[in-house]
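First the structure, in the form of C-alpha coordinates, and then the observations on it.
Put into C-alpha coordinates, the structure is as follows:
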(Lines of atoms letter the chains of each structure in order from A; the text may use other names.)
(Lines give C-alpha, C1' and ligand atoms only; values in the text may rest on other atoms or scores of the structure.)
Protein backbone atom coordinates (compact mmCIF):
# COMPACT_ATOMS: atom_id res chain seq x y z
CA UNK A 23 0.00 0.00 0.00
CA UNK A 24 2.85 2.38 0.83
CA UNK A 25 4.38 2.05 -2.65
CA UNK A 26 1.02 2.57 -4.35
CA UNK A 27 0.30 5.64 -2.23
CA UNK A 28 3.71 7.30 -2.58
CA UNK A 29 4.91 6.30 -6.06
CA UNK A 30 5.60 9.15 -8.46
CA UNK A 31 4.64 6.94 -11.39
CA UNK A 32 1.63 4.82 -12.27
CA UNK A 33 1.42 1.50 -10.41
CA UNK A 34 0.05 -1.91 -11.45
CA UNK A 35 -1.25 -4.15 -8.68
CA UNK A 36 -1.50 -7.70 -10.01
CA UNK A 37 -4.05 -10.14 -8.61
CA UNK A 38 -3.04 -13.79 -8.41
CA UNK A 39 -5.37 -16.19 -10.14
CA UNK A 40 -7.35 -13.58 -12.06
CA UNK A 41 -8.14 -14.84 -15.58
CA UNK A 42 -6.55 -12.73 -18.34
CA UNK A 43 -8.15 -11.58 -21.56
CA UNK A 44 -11.27 -9.87 -20.31
CA UNK A 45 -12.20 -6.25 -21.02
CA UNK A 46 -10.47 -3.15 -19.70
CA UNK A 47 -12.64 -1.11 -17.31
CA UNK A 48 -11.81 2.50 -16.46
CA UNK A 49 -13.47 4.65 -13.82
CA UNK A 50 -13.83 8.38 -14.50
CA UNK A 51 -15.12 11.30 -12.44
CA UNK A 52 -14.27 14.40 -14.46
CA UNK A 53 -10.97 15.13 -12.68
CA UNK A 54 -7.70 15.58 -14.57
CA UNK A 55 -6.46 12.36 -12.94
CA UNK A 56 -9.40 10.42 -14.35
CA UNK A 57 -8.88 11.92 -17.82
CA UNK A 58 -5.28 10.69 -17.70
CA UNK A 59 -6.61 7.26 -16.66
CA UNK A 60 -9.06 7.38 -19.58
CA UNK A 61 -6.21 8.03 -22.04
CA UNK A 62 -4.22 5.18 -20.49
CA UNK A 63 -7.24 2.86 -20.77
CA UNK A 64 -7.89 3.72 -24.42
CA UNK A 65 -4.22 3.17 -25.24
CA UNK A 66 -4.17 -0.15 -23.36
CA UNK A 67 -7.35 -1.41 -25.03
CA UNK A 68 -6.17 -0.32 -28.49
CA UNK A 69 -2.81 -2.07 -28.09
CA UNK A 70 -4.23 -5.26 -26.59
CA UNK A 71 -7.38 -5.58 -28.68
CA UNK A 72 -9.45 -5.87 -25.49
CA UNK A 73 -12.90 -4.35 -25.17
CA UNK A 74 -13.20 -1.14 -23.18
CA UNK A 75 -15.87 -0.13 -20.66
CA UNK A 76 -15.87 3.44 -19.32
CA UNK A 77 -17.72 3.83 -16.01
CA UNK A 78 -18.90 7.08 -14.44
CA UNK A 79 -20.46 6.39 -11.04
CA UNK A 80 -21.93 8.62 -8.37
CA UNK A 81 -23.64 11.96 -8.66
CA UNK A 82 -27.00 10.53 -9.63
CA UNK A 83 -26.19 9.46 -13.19
CA UNK A 84 -28.12 12.27 -14.90
CA UNK A 85 -28.21 13.45 -18.51
CA UNK A 86 -25.42 16.00 -17.95
CA UNK A 87 -23.09 13.22 -16.82
CA UNK A 88 -24.05 11.11 -19.84
CA UNK A 89 -23.36 13.97 -22.26
CA UNK A 90 -20.05 14.85 -20.64
CA UNK A 91 -18.97 11.20 -20.70
CA UNK A 92 -20.03 10.84 -24.34
CA UNK A 93 -17.90 13.88 -25.21
CA UNK A 94 -14.84 12.56 -23.35
CA UNK A 95 -15.17 9.12 -24.91
CA UNK A 96 -16.05 10.29 -28.43
CA UNK A 97 -12.84 12.26 -28.88
CA UNK A 98 -10.77 9.28 -27.78
CA UNK A 99 -12.70 6.79 -29.90
CA UNK A 100 -11.72 8.82 -32.96
CA UNK A 101 -8.11 9.16 -31.84
CA UNK A 102 -7.56 5.49 -30.92
CA UNK A 103 -9.95 4.06 -33.52
CA UNK A 104 -11.74 1.80 -31.08
CA UNK A 105 -15.24 1.88 -29.65
CA UNK A 106 -15.94 1.92 -25.93
CA UNK A 107 -19.04 0.98 -24.03
CA UNK A 108 -20.10 3.57 -21.46
CA UNK A 109 -21.95 3.10 -18.19
CA UNK A 110 -23.28 5.91 -16.01
CA UNK A 111 -24.29 4.56 -12.62
CA UNK A 112 -25.93 6.39 -9.71
CA UNK A 113 -24.10 4.18 -7.18
CA UNK A 114 -21.19 4.97 -4.91
CA UNK A 115 -18.10 5.09 -7.18
CA UNK A 116 -15.98 2.74 -5.07
CA UNK A 117 -18.74 0.13 -4.72
CA UNK A 118 -19.63 0.37 -8.42
CA UNK A 119 -16.02 -0.14 -9.53
CA UNK A 120 -15.48 -3.03 -7.10
CA UNK A 121 -18.53 -4.70 -8.69
CA UNK A 122 -17.26 -3.92 -12.22
CA UNK A 123 -13.85 -5.40 -11.36
CA UNK A 124 -15.40 -8.89 -11.17
CA UNK A 125 -15.82 -8.88 -14.97
CA UNK A 126 -12.67 -6.91 -15.84
CA UNK A 127 -9.34 -8.18 -17.07
CA UNK A 128 -7.85 -4.88 -15.92
CA UNK A 129 -9.29 -2.00 -13.89
CA UNK A 130 -7.82 1.49 -14.38
CA UNK A 131 -8.42 4.61 -12.27
CA UNK A 132 -6.66 7.86 -11.49
CA UNK A 133 -4.55 7.56 -8.36
CA UNK A 134 -6.33 10.50 -6.82
CA UNK A 135 -9.56 12.27 -7.52
CA UNK A 136 -10.30 15.83 -6.57
CA UNK A 137 -8.20 16.11 -3.42
CA UNK A 138 -5.28 18.53 -3.11
CA UNK A 139 -2.67 16.24 -1.60
CA UNK A 140 -0.71 14.78 -4.51
CA UNK A 141 1.17 12.11 -2.55
CA UNK A 142 -1.94 10.41 -1.27
CA UNK A 143 -4.39 8.04 -2.88
CA UNK A 144 -7.97 9.14 -3.33
CA UNK A 145 -10.64 7.31 -1.35
CA UNK A 146 -11.88 5.36 -4.38
CA UNK A 147 -8.34 4.27 -5.28
CA UNK A 148 -7.76 3.16 -1.67
CA UNK A 149 -10.93 1.07 -1.68
CA UNK A 150 -10.04 -0.51 -5.02
CA UNK A 151 -6.52 -1.27 -3.83
CA UNK A 152 -8.03 -3.47 -1.13
CA UNK A 153 -11.20 -4.81 -2.79
CA UNK A 154 -10.79 -4.97 -6.58
CA UNK A 155 -10.78 -8.54 -7.85
CA UNK A 156 -9.09 -7.49 -11.13
CA UNK A 157 -5.52 -6.30 -11.60
CA UNK A 158 -5.54 -2.57 -10.89
CA UNK A 159 -3.61 0.30 -12.48
CA UNK A 160 -3.43 3.52 -10.47
CA UNK A 161 -2.56 6.20 -13.02
CA UNK A 162 -0.59 9.18 -11.79
CA UNK A 163 -1.01 12.58 -13.40
CA UNK A 164 2.26 13.94 -14.71
CA UNK A 165 3.54 17.00 -12.88
CA UNK A 166 4.23 19.76 -15.40
CA UNK A 167 4.61 22.78 -13.12
CA UNK A 168 7.87 23.42 -11.25
CA UNK A 169 7.80 22.13 -7.71
CA UNK A 170 8.63 24.55 -4.91
CA UNK A 171 11.11 22.70 -2.64
CA UNK A 172 9.77 24.59 0.38
CA UNK A 173 6.39 22.90 -0.14
CA UNK A 174 7.96 19.44 -0.37
CA UNK A 175 10.32 19.51 2.62
CA UNK A 176 9.16 20.29 6.16
CA UNK A 177 12.76 21.23 7.09
CA UNK A 178 13.01 23.68 4.19
CA UNK A 179 9.68 25.22 5.11
CA UNK A 180 10.84 25.97 8.67
CA UNK A 181 14.25 27.40 7.64
CA UNK A 182 14.63 31.22 7.93
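Numbering (our numbering), first residue to last: 23 to 182. Yeah, the Cβ is synthetic: ideal placement off N, Cα and C, and Gly gets one too.
Worksheet item: Can you give the beta carbon distance from residue 104 to residue 63, rounded, assuming they're within the 8 Å contact cut?
Response: With a Cβ gap of about 10 Å, residue 104 and residue 63 do not count as contacting.
Worksheet entry | Strand pairing of residue 47, partner residues [DSSP] | 75 and 129
Worksheet item: In terms of alpha-carbon separation, which member of 120, 129, 119 and 53 lies closest to residue 158?
Response: 129
Discussion item. Which residue marks the beginning of the beta strand (DSSP E) containing residue 111, and which one marks its end?
Written reply: 107 to 111
Worksheet item: Does the separation of the CB atoms of residue 58 and residue 163 fall below 8 Å?
Response: yes
Discussion item. Considering only DSSP beta bridges, list what residue 33 is partnered with.
Written reply: 160
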